[in-house]
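This report concerns only the one structure given below.
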Amino acid sequence: MAEINQSRFLIKITDLHFSQRGRKIFDGANIEIERGKITAIMGPSGAGKTTLLKLIGGQRHPDTGSVEVDGVNVHKLSRRKLYALRKKMGMLFQSGALLTDLTVFENVAFPLREHTRLPELMIRDLVLMKLESVGLRGAKNLMPAELSGGMARRVAMARAIALEPMMVFYDEPFTGQDPISMGVLVKLIKKLNSVLEMTSVIVSHDVAETAAIADYIYLISEGKVVAKGTPEELNRTDSEWAQQFMQGLADGPVPFHYPASDYATELMEPK
Amino acid sequence: MSWVRDRLLDKLHYLGHQSLNAFARLGRGSLLLLQLIFAVPQAIMRWRLILQQIYSVGVLSLLIIIVSGFFVGMVLSFQGYITLVDYGAEESLGTMVALSLVRELGPVVTALLFAGRAGSALTAEIGLMKATEQLSGMEMMAVDPIKRVLAPRFVAGLISLPILAMIFSAVGVLGGEFVGVGLLGVDGGSFWSQMQASVDFRDDVLNGMIKGVVFGWVASWIALFEGYDAVPTSSGVSSATTRTVVHTSLAVLGLDFILTALMF
Amino acid sequence: MNLRVIEIGVGIFVAIGLAALLILSLQVSNLTLLDNGPSYQVTARFQNISGLKVRAPVSVAGVRVGEVADIHFDPETYEAVATLTISEQYDQLPIDSQAGIRTAGLLGEKYVALVPGSGFAFGADEDGEDSKPQMLVDGSEITDTSSSMVLEELIGQFIFGKGDKGGQ
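Here is the structure:
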């Protein structure tokens, strides 16, 4: 609020429409993400949560609607400016996306080496600091193939924050983790957010873990925002859909079946 | 009769779809080539990355090139001797072996081996990086994968293939000498002197090197494109790898014909 | 991979490549003579040079002394003019040397063979320097030449008994 473009919301998504291979993924979604907070975007698998992150990062282009990050429309930037903006973004991919031919140390050093001309000693200090903050300084000489899934994600997290970005996106950080790694990741996300004063966006369908740390939650389904609010508000909401999702019920407003032609008709069709 | 017409229409539709796909791939490939060429100057600035790629593309192919070169030279010498001795012209064996190697077999066989040894590995590597979101991850780290990952490999291929082709030819000539002079008893002096009299440095050796550069360009371009364009699944990467070897081999043989017609 | 190992590996690779280039240029092809040493050029006119190529060797008594630098057709005399580049170290070739186009072996390639003359061909007496023979220098022309033997003509001559005519 202090400056003109220093509005309360860091990311503003307005009336987003996007379709891929003829399938509508977003159909008029409006999402606002507050600075310095942890915002979660939740929804069933296939709701386009990862796509949303790619849209914010400028890797995909919306059909209509706009995505504004820090006051600028991501999809109207030149390639150079887009790359400059991406330096302010950290992204944690679902798979970790560590570079498999580099050690853990080199993976974290990668963005520093690519974007800065820092002397080797300073890079070393910075990398060790980031690795220490995710508790993996001891693993610095391992190759990504030698890491467990949870460790790989923590390394990826150290790499995502190597350039001290303004915002960090977490793509399904909890999927496929054992309870201990999950606890570690939850704690880390919370800690990094408060210590580094970054804006965090978590895309997930793990209700309990996400709700535990998120300041604000958007529920999306079929390309629209179905419900939004703080975790407490969502738990108390009277939206049937939100209830089904938050409690994890098999059938409800979200149908059990993938859209298909009539079963009986299909059985009778030749071939 | 309507089902016949439907079948035909289906086939036609399929054919049209396939040819449109082929054109789209050609278009994407050409765009990638343009991007690669523009990225080359920046890649050269970061010579360490290129060095690393020359190591994995060139140095690691050295053994297969030397062994194959020696054997090809030996076989050429054997077969050439059988033909030439009938005309009492076995002194020309050196000429025959050297010219076939330097002009044709050196660059062509090296390119074919390169496609199998280095090209397929490049495709698989890039394809897997794509499948495991490493390329996407780089993009989100504001690092252009074409500049950081593809361009150094492109330059390395461009440098390595002509060097490998020269090594192949040189080792092949030695193999030819081993069989011709050492085993079949052709006079060593005339083997070399006839060779020197008729192999021209500019016309033959340099043109052979130009072929090597062209093949290096085609082979690394195809390998990188197939990897970059691969469907990011295991079956997608494996079929891309196969396509790399097949397409590179065809392109090299076709281009060799054109280059030979232009040069000699 | 350790950067040092890579550097050494690539170094060896490039060294082997250079060695291969050296073998190809010096041992396999004819990039040895005259490209660096000083040389002089003489011309020779032939009735027929069929089969002689640019960069074919020029030899004296079987020793290579130079190469054919250029071949062109003279439209006035209907002769072929070959320019021969001869290495400077062989500057003691008499001016009335003969140039002939020969074939290495039965089916080998054509080369120019120089047969040295006496050096007292023409004009030597006028200068009163009969004791000193004249040598070929840059720009000299060899006048006494014999053309390339065309196998078909030779066979024809043999069959039709015109053996006395001979090649020019």
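Those protein sequences? They're chains A, B and C, same order as listed. Just so we're aligned, residue 54 is where the first sequence starts under this note's numbering, counting upward by one. Just so we're aligned, residue 4 is where the second sequence starts under this note's numbering, counting upward by one. Just so we're aligned, residue 1228 is where the third sequence starts under this note's numbering, counting upward by one. All C-beta atoms, glycine included, are put in the ideal place defined by N, C-alpha and C. Only a predicted model underlies this, so the values are computations on that prediction, with no experimental measurement involved.
- Residue-level contact by beta carbon fails for S241(B) and chain A, as no gap is shorter than 8 Å.
- The beta carbons of T153(A) and P218(A) sit no closer together than 8 Å.
- In this chain, the beta strand (DSSP E) harbouring P1284(C) covers P1284 to V1287.
- When the Cα atoms are used, D1297(C) and G1278(C) turn out to be separated by approximately 14 Å.
- Listed along chain B are Q137, each with a C-beta nearer than 7 Å to that of L152(A).
- A residue is called buried once 16 or more other Cβ atoms fall within 10 Å of its Cβ, and G75(A), having fewer, is exposed.
- Within chain B, the residues whose beta carbon sits less than 8 Å from that of P1284(C) are A200, listed in sequence order.
- Within chain B, the C-beta atoms nearer than 9 Å to that of E167(A) come from M141, M144, A145, V146 and R151, in chain order.
- Scanning its chain for C-beta atoms nearer than 6 Å, with the 5 sequence neighbours on each side dropped, one finds around V157(A) the residues A192, K193, L195 and V208, in chain order.
- Across the set R151(B), S95(B), L153(B) and A168(B), the C-alpha of A168(B) shows the shortest separation from the C-alpha of S64(B).
- Under the DSSP assignment, E121(A) falls in the beta strand (DSSP E) whose first and last residues are T117 to V122.
- If you keep only unbroken alpha helix (DSSP H) runs of at least 4 residues inside the region 183 to 220 of chain A, you get 202 to 213.
- Residue contact check for S60(A) against chain B: no CB pair falls below 8 Å.
- Annotation: the continuous beta strand (DSSP E) that includes T1312(C) extends over E1306 to S1314.
- Shown in chain order are the members of the region 94 to 124 of chain B whose Cβ falls below 8 Å from a Cβ of chain C: E94, S95, A101 and V105.
- Closest in alpha carbon position to A101(B), among G61(B), R246(B), L54(B) and Q197(B), is Q197(B).
- S1373(C) sits away from P1343(C), with the two beta carbons spaced by 8 Å or more.
- Following the DSSP letters along the chain, one finds I162(B) inside the alpha helix (DSSP H) bounded by residues A154 to E180.
- For F1385(C), the enclosing alpha helix (DSSP H) has its first and last residue at L1378 to F1387.
- Within chain B, the residues whose beta carbon sits less than 8 Å from that of M144(A) are G140, M143 and M144, listed in sequence order.
- Under a criterion of Cβ atoms nearer than 7 Å, the residues of chain B adjacent to S1256(C) are, in order, Q199, V202, D203, F204, D207 and V208.
- Straight through space, the alpha carbons of F298(A) and T290(A) are spaced by roughly 12 Å.
- Chain C has no Cβ within less than 8 Å of the Cβ of I67(B).
- Taking a contact as a CB-CB distance under 8 Å, the pair K90(A) and T318(A) does not count as one, their CB atoms being some 49 Å apart.
- Excluding residues up to 5 positions away in sequence, L161, L164 and P165 lie with their Cβ nearer than 8 Å to the Cβ of V216(B) in the same chain.
- Closer than 9 Å at the C-beta level to chain B, one finds these residues of the region 1237 to 1252 of chain C: V1237, I1239, F1240, V1241, I1243, G1244, L1245, A1246, A1247, L1248, L1249, I1250, L1251 and S1252.
- DSSP places T1372(C) in the strand class (E or B) of the three-state scheme.
- Comparing alpha-carbon positions, the option among N210(B), D9(B), S193(B) and R151(B) lying closest to R49(B) turns out to be R151(B).
- Using a Cβ-Cβ cut-off of 8 Å, K140(A) counts as an interface residue toward chain B, since at least one Cβ of chain B sits closer than that to its own.
- Restricted to the region 8 to 67 of chain B, not a single beta strand (DSSP E) segment is unbroken, complete and at least 3 residues in length.
- Beta-bridge annotation (DSSP): Y1267(C) is paired with I1313(C).
- Shown here, A1326(C) sits in a strand according to DSSP, grouped into three states.
- Per DSSP, E275(A) lies in no alpha helix (DSSP H) and is assigned neither H nor E.
- Between Q1268(C) and V1232(C), the alpha-carbon positions lie close to 52 Å from each other.
- Considering only A127(B), L96(B), V88(B) and A46(B), the residue with the shortest C-alpha distance to G239(B) is A127(B).
- Judged by DSSP secondary structure, Q73(A) falls within the beta strand (DSSP E) whose first and last residues are F62 to Q73.
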